[in-house]
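This report concerns only the one structure given below.
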Ligand code: SAH
């Protein structure tokens, strides 16, 4: 069933783009197929339906600029890809789900831990958030910062240990941790606003982690719920 749907969508998209005379090679078809894949995986995984604002943001981010040039043709496949320094850019479905669970709204102050390529930060910026992102590996932080600027995204990229968050910019409406931690870092809980939420993969390095949502209510009471088993690179110290 699925391949047939894909073929039909492909034909429809081709006709539309030809009519508009859009430039070739801008990965527009692949990006649209990625959006379709995300919605399909939400259904299969039983994670509801994706927030339209998240999909709209992901439609605007040129993911092929966030992967090494040799892998650009795979940029819109629903899989993680290597970005150097033994790190990976997360698969599109996971980026969508984490952004969705973080309930990001226009004007929110958001912290991302684990900048990597800068892709997740760009999606958050497209959602209208004020984005602060922290990366422990200086070379990745520098290349992500340069890339985001070149693509026109205003994001504050900080080099440092995200386990400690960014005290100077706290508190945050949402925090997304894009590396697996054995436990929820206490500094990050402190840096959440009352009414805020954090999305974080929790589990030991090398094993399956559980994507977890940590919420702080208006009175400062913290609750946790688990969403899905995931596998992220480890949060290092
Ligand atoms: N969000 C990224 C992918 C993250 S991969 C993207 O969109 O491309 C996880 C990243 O977390 C890696 O770049 C890794 O270097 C970084 N990382 C690991 N431990 C960290 C720490 N303690 N503080 C900040 N970044 C860390």
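Residue numbers (this note's numbering): 1006 to 1242.
Here a beta-carbon is modelled for each residue, glycine too, at the ideal position from N, C-alpha and C.
Source: prediction; values computed, not measured.
Rounded to whole angstroms, the gap between the alpha carbons of residue 1077 and residue 1069 is 5 Å. Distance from the Cα of residue 1134 is smallest, within the candidate group 1177, 1182, 1147, for 1177. Assignment of residue 1203 by DSSP, reduced to helix, strand and coil, places it in the strand class. Between residue 1182 and residue 1118, the C-beta gap is smaller than 7 Å, which places the two residues in contact.
The closest heavy atom of the ligand SAH lies 6 Å or more from the beta carbon of residue 1133. Remark: the C-beta of residue 1096 is outside contact range of the ligand SAH, defined as less than 6 Å to any heavy atom. The beta carbon of residue 1158 sits no closer than 6 Å to any heavy atom of the ligand SAH. Residue 1057 has no beta-bridge partner at all, per DSSP. The beta carbon of residue 1103 sits closer than 6 Å to those of 1181, 1204, all from its chain and outside the five residues before and after it, given in chain order.
A check of alpha carbon separations from residue 1109 across 1121, 1095, 1136, 1094 identifies 1136 as the nearest. Taking a contact to require three or more Cβ pairs closer than 8 Å, the segment 1052-1071 and the segment 1147-1163 qualify as touching. Bounds of the beta strand (DSSP E) holding residue 1178 are 1177-1182. Between the C-alpha atoms of residue 1170 and residue 1185 there is a straight-line separation of about 15 Å.
Taken in chain order, the complete beta strand (DSSP E) segments of 3 or more residues contained in the segment 1081-1128 are 1086-1089, 1092-1094, 1114-1118. Less than 7 Å separates the beta-carbon of residue 1101 from that of residue 1059. Per DSSP, reduced to three states, the secondary structure at residue 1134 is coil, with no helix or strand assignment.
Beta-bridge partners assigned by DSSP to residue 1185: 1239.
In this structure, residue 1092 has its CB closer than 6 Å to one or more heavy atoms of the ligand SAH. Counting of Cβ neighbours within 10 angstroms places residue 1042 among the buried residues, the total reaching 16 or more. Around the C-beta of residue 1226, fewer than 16 other C-beta atoms lie within 10 Å, and the residue is accordingly described as exposed. Scanning 1049, 1044, 1127, 1230 for the CA closest to the CA of residue 1056 turns up 1044. In this structure, the beta-carbon distance from residue 1083 to residue 1096 falls below 7 Å.
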